[in-house]
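Engineer: Protein sequences appear in the order of chains C and P. Residue 30 in our numbering sits at position 24 of the first sequence, and the numbers go up by one each step. Residue 1185 in our numbering sits at position 119 of the second sequence, and the numbers go up by one each step. Using N, Cα and C, we set each Cβ at its ideal position, and we do this for glycine too. Have a look at the structure that comes next, please.
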Amino acid sequence: MSTFIQTVIVGLRLGSVYALIALGYTMVYGIIRLINFAHGDFIMVGGYTIIFTVPLVLALGLPAWAAVLAAIAVCALVGMGTEIIAYRPVRKKGTNMSALITAIAMSLFLENLAQAIPAIGPNPKVANQIFAAGGFKIGSVTFEYTTVITIVISAVIMIVLYMFTQKTRLGRAMRCVSEDKSAATLMGINVNHTIILTFAIGSALAAVAALMYMAQYPRIYTTLGSDLGIKAFVSAVLGGIGIIPGAVLGGFVVGLFESFTTSYISSSLADAVVFLILIVVLLLKPAGIMGKNVGEKV
Amino acid sequence: MKKLFCLLLALCMVLSLAACGGSGSSGSSAPAAADGEEAPAASGDTLKIGVISPNTGNLAAYGTGIHTGAELAVEEINAAGGILGQQVELVELDDRADPTECLNAFNNLVSQGIGLIIGSATSGATSAITGPANEEEVVIIAPTATADSITTEDDYIFRVCYADSAQGAIAAAYAKTAGYDKVGIVYCTGDVYSSGLKDSFSAACAEQGIEVVATESSAALTTTEYTNQFTAMVNAGVDFVYAPYYYDVIGPYVIPQARAAGYDGVIMGADGYDTTPDYVREADAPVFNNIYWTNHYFAGDTSEKVTSFVKAYKDKFGSEPSAFGATGYDSVYVYKAAIEAAGSTEPSAVRDALADTSTVYECVSGTFSFDVSGTPVKGAPVITFKDNGDGTIGMELVDVVEATDLA
Chain C
7 MSTFIQTVIV GLRLGSVYAL IALGYTMVYG IIRLINFAHG DFIMVGGYTI
57 IFTVPLVLAL GLPAWAAVLA AIAVCALVGM GTEIIAYRPV RKKGTNMSAL
107 ITAIAMSLFL ENLAQAIPAI GPNPKVANQI FAAGGFKIGS VTFEYTTVIT
157 IVISAVIMIV LYMFTQKTRL GRAMRCVSED KSAATLMGIN VNHTIILTFA
207 IGSALAAVAA LMYMAQYPRI YTTLGSDLGI KAFVSAVLGG IGIIPGAVLG
257 GFVVGLFESF TTSYISSSLA DAVVFLILIV VLLLKPAGIM GKNVGEKV
Chain P
1067 MKKLFCLLLA LCMVLSLAAC GGSGSSGSSA PAAADGEEAP AASGDTLKIG
1117 VISPNTGNLA AYGTGIHTGA ELAVEEINAA GGILGQQVEL VELDDRADPT
1167 ECLNAFNNLV SQGIGLIIGS ATSGATSAIT GPANEEEVVI IAPTATADSI
1217 TTEDDYIFRV CYADSAQGAI AAAYAKTAGY DKVGIVYCTG DVYSSGLKDS
1267 FSAACAEQGI EVVATESSAA LTTTEYTNQF TAMVNAGVDF VYAPYYYDVI
1317 GPYVIPQARA AGYDGVIMGA DGYDTTPDYV READAPVFNN IYWTNHYFAG
1367 DTSEKVTSFV KAYKDKFGSE PSAFGATGYD SVYVYKAAIE AAGSTEPSAV
1417 RDALADTSTV YECVSGTFSF DVSGTPVKGA PVITFKDNGD GTIGMELVDV
1467 VEATDLA
């Protein structure tokens, strides 16, 4: 029994990180139908920002996690910069495919740029302690505070984002742009501003994801984004890409499957099973678990 | 359009600045020489030795060790008059621990006419160049590529470290002397080094009469979760787990998670544990006990050879040399001995000198001679980590397993 609970906790821990990252993918995809492959690298940017600002934050007498504020600012700037410099011009000139390739190029560019900066360099770095260590015990199983905090934060962010897109004017503008850009323009919505705002929010989420990731897995390196990105992307697709609660659900499904495979089937099959589940779900429900199959309007 | 062009131009300039800063930090022009255009002007009196190591990427600490160690040896040799009267010059290339990059670096060196190469750190990368080296008749001395297959198939490949079969056997011998007869293994199926050590350790356990009661694995070196694997070890009731991983996984993930999962027994590893203390969160330091690992050398060794090397390295680079520094240093000196024995710098003559199994090399990483395949016959120090109590981790020598103990 304690093995079972332990497995669930590990699954939730992995899943909460995937869910947070998947939210960023889904957010951008939902608005401009672009899979932002550089999103994983925004996490890397956020991670390094946190590492460099934690000593500063501690010197000011604030708790270590306050460094996330700096990371949010940096990530949002990098996200908006990416959109303005790379994605927007390409979207104007080319097709969706060229935008996708640009996203991959942006991802590789950020990774290599980070390696070339002397303060970052190629060596991995170990993160500082971000939340108080320890946890509480139920039976013989320890729930670590960090894991609980991550789960709560991803749930809160999911709800806030959902409310934001459903209830606020800006959120409505986002949904309009996502449905029909030219109609949105005719209705007086500034499409470019809306897209930039989307990138700012998506990238700020990457900073939060970086904080939570480093709290549990305290190592950061320049290619971290591509490693993490794949699983998070799978989570987003599994839950139904473009759907905010779907990303969180997908993240937890992937995390739990990974953990249960490790414990009960074979530890080396964990990744194989995750991708198998993806294929099965996509075969049965091509739009993802929470996706709706919408027929093409003629 | 014009605006875009300006932006691009600015970006390029920023990049080139950043690139300059990058290479300046590594002492010599090690990573920058990777494009081959910066190969130093040839001069008749210098002997060029190629060095291929992972200077960037996740295992950069290994590459840094190897090329700094080699640089120190070359500096000493040049100050003492060089080899056969020739000054030695290193041509250093980066392989990022990637087999393709390693082969590219190798081809680059061969096209420069270099026939003596030191490299590379990992078995995965090195295995990409052993075949081509044999074809091109280029000698390779691998500082730390420990997979068994590295030297067995080709004539031109040597190394200054022991093979994994020896390293696994040393760990099993240690388990036996420490009184464990039931052990577990956690390893990475996606990595040659880790799975090779797992194979040799389990084979040695079978010989020693130790029972392997639980084997768990991770799929890739990028895996971050090891809790379930160690929960399985707790459930299997073992007090000794062999976990051959690299430092960047051991420090931040494996050890803290194993302890959090309630596993308090011995965790034993191999030379990949070197430099782990630099990759541990301060708060995690107290759980770093009961961990043992085999290495190529121990920096706290009191023999004259080791103390003078450690002192010279500290004077030059300001830090304690890792085992990779020691093997990089040794690789250069083994070349020196072989070239002097051959009386020539021709690769085939140097190869013949190295192939003489009766020559004894006195090195920092032990005194040894090569076996028929080109692998040293030597033992290994067993080292343990200990929590210093101030958020840092120290190391202590536990035991030295001699080559004769294994026979």
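Which word fits M296 of chain C, buried or exposed, when buried means at least 16 other C-beta atoms lie within 10 angstroms of its C-beta?
Structural biologist: Result: buried.
Engineer: Between the alpha carbons of G208 of chain C and M33 of chain C, how many angstroms are there, rounded?
Structural biologist: In a straight line, the C-alpha of G208 of chain C is about 6 Å away from that of M33 of chain C.
Engineer: Helix, strand or coil: how does DSSP classify V1464 of chain P here?
Structural biologist: strand
Engineer: Name the chain P residues whose beta carbon is nearer than 8 Å to that of Q135 of chain C?
Structural biologist: R1347, E1348 and A1349
Engineer: So A276 of chain C contacts chain P; which residues on that side make the cut at Cβ distance below 7 Å?
Structural biologist: A1285
Engineer: Is the Cβ of N1294 of chain P closer than 7 Å to any Cβ of chain C?
Structural biologist: yes
Engineer: Whose CA, out of C:S273, C:V280, C:P292 and C:I226, lies closest to the CA of L134 of chain C?
Structural biologist: The sequence shown places Asn at residue 134 of chain C, rather than the Leu named in the question. Among C:S273, C:V280, C:P292 and C:I226, the Cα nearest to that of N134 of chain C is on C:I226.
Engineer: Shorter than 7 Å from the beta carbon of P1352 of chain P to some beta carbon of chain C?
Structural biologist: no
Engineer: When the cut-off is 7 Å and only beta carbons count, does A1126 of chain P lie next to chain C?
Structural biologist: yes
Engineer: What residue range is occupied by the uninterrupted beta strand (DSSP E) comprising Y1259 of chain P?
Structural biologist: Unbroken run through Y1259 of chain P is the alpha helix (DSSP H), V1258 to Q1274; no beta strand (DSSP E).
Engineer: DSSP on R225 of chain C, reduced to helix/strand/coil?
Structural biologist: strand
Engineer: To the nearest angstrom, how far is it from the Cα of S1094 of chain P to the Cα of L217 of chain C?
Structural biologist: Here S1094 of chain P scores only 41 on pLDDT, less than 50, and its place in the model is too uncertain to base an answer on.
Engineer: Can you tell me which of the three DSSP states R1225 of chain P falls into?
Structural biologist: strand
Engineer: Distance, Cα to Cα, T1243 of chain P vs I1276 of chain P?
Structural biologist: 11 Å
Engineer: Can you tell which of P:L1420, P:T1441, P:A1351 and P:A1404 has its C-alpha closest to the C-alpha of D1453 of chain P?
Structural biologist: Among P:L1420, P:T1441, P:A1351 and P:A1404, the Cα nearest to that of D1453 of chain P is on P:A1351.
Engineer: With burial defined as no fewer than 16 other Cβ atoms inside 10 Å of the residue's Cβ, what is the status of Q172 of chain C: buried or exposed?
Structural biologist: exposed
Engineer: How would you label I140 of chain C, buried or exposed, when you count the other beta carbons within 10 angstroms and need 16 or more for buried?
Structural biologist: Before going on, a small fix: residue 140 of chain C reads as Gly here, not Ile. It counts as exposed.
Engineer: Quick check: what's the CA-CA separation for A1211 of chain P versus D1220 of chain P?
Structural biologist: 14 Å
Engineer: For a test of the three-state rule: what should DSSP assign to D233 of chain C, helix, strand or coil?
Structural biologist: Correct three-state label for D233 of chain C: helix.
Engineer: Give a yes or no on whether the minimum CB-CB distance between R225 of chain C and chain P is below 7 Å.
Structural biologist: yes
Engineer: Ignore the nearest five residues each way along the sequence and tell me which others in A1084 of chain P's own chain have a CB closer than 8 Å to its CB.
Structural biologist: For A1084 of chain P, the predicted model reports a pLDDT of 48, less than 50, meaning its position is unreliable and no value from the coordinates is stated.
Engineer: Against chain C, does E1103 of chain P count as a neighbour if the rule is that its beta carbon must be under 7 Å from one of theirs?
Structural biologist: Annotation note: pLDDT 41 at E1103 of chain P (below 50); position unreliable, coordinate value reported separately. So, not an interface residue.
Engineer: For V286 of chain C, count the other beta carbons within 10 Å of its own beta carbon; 16 or more makes it buried, fewer makes it exposed. Which is it?
Structural biologist: exposed
Engineer: Going by the DSSP bridge assignment, what does T1433 of chain P pair with across the sheet?
Structural biologist: P:E1428
Engineer: Under 9 Å between beta-carbons, which chain C residues line up against Y1319 of chain P? List them in chain order, please.
Structural biologist: Y223, P224 and R225
Engineer: What is the rounded straight-line gap between the Cα of I1475 of chain P and the Cα of G1245 of chain P?
Structural biologist: A question about residue 1475 of chain P goes unanswered here, because the residues of chain P that appear run from 1067 up to 1473.
Engineer: Cβ of A1171 of chain P within 7 Å of Cβ of D1161 of chain P?
Structural biologist: yes
Engineer: Taking CB distances under 7 Å as the criterion, tell me whether E1137 of chain P reaches chain C.
Structural biologist: Among the residues facing chain C, E1137 of chain P is not included, as its CB has no counterpart in that chain under 7 Å away.
Engineer: Helix, strand or coil for Q1152 of chain P per DSSP?
Structural biologist: Reduced to three states, the DSSP call for Q1152 of chain P is strand.
Engineer: State the beta-bridge partners of A25 of chain C as determined by DSSP.
Structural biologist: According to DSSP, residue pairing for A25 of chain C in a beta bridge does not occur.
Engineer: Skipping 5 residues on each side, what residues in its chain have a beta carbon closer than 6 Å to that of A2 of chain C?
Structural biologist: Limits of chain C in this structure are 7 at one end and 304 at the other, which puts residue 2 of chain C out of reach.
Engineer: For A1163 of chain P, which residues of its own chain have a beta-carbon under 6 Å away from its beta-carbon, when the five flanking residues on both sides are left out?
Structural biologist: P1120, G1123, L1125, T1188 and A1191
Engineer: Whole angstroms is fine: what's the gap from S1268 of chain P's alpha carbon to Y168 of chain C's?
Structural biologist: 53 Å
Engineer: Residue ranges of each alpha helix (DSSP H) run of no fewer than 4 residues wholly in the stretch 1318 to 1350 of chain P, ordered along the chain?
Structural biologist: 1321 to 1326
Engineer: Is the beta carbon of S1186 of chain P less than 7 Å from the beta carbon of I1115 of chain P?
Structural biologist: Judged by beta-carbon spacing, I1115 of chain P lies beyond the 7 Å limit of S1186 of chain P, meaning their Cβ atoms are not closer than that value.
Engineer: Apart from the five residues on each side of it in sequence, which residues of its chain come closer than 8 Å, Cβ to Cβ, to T1112 of chain P?
Structural biologist: In the same chain as T1112 of chain P, and ignoring 5 residues on each side of it, the C-beta atoms closer than 8 Å to its own belong to Q1152, Q1153, V1154 and E1155, in chain order.
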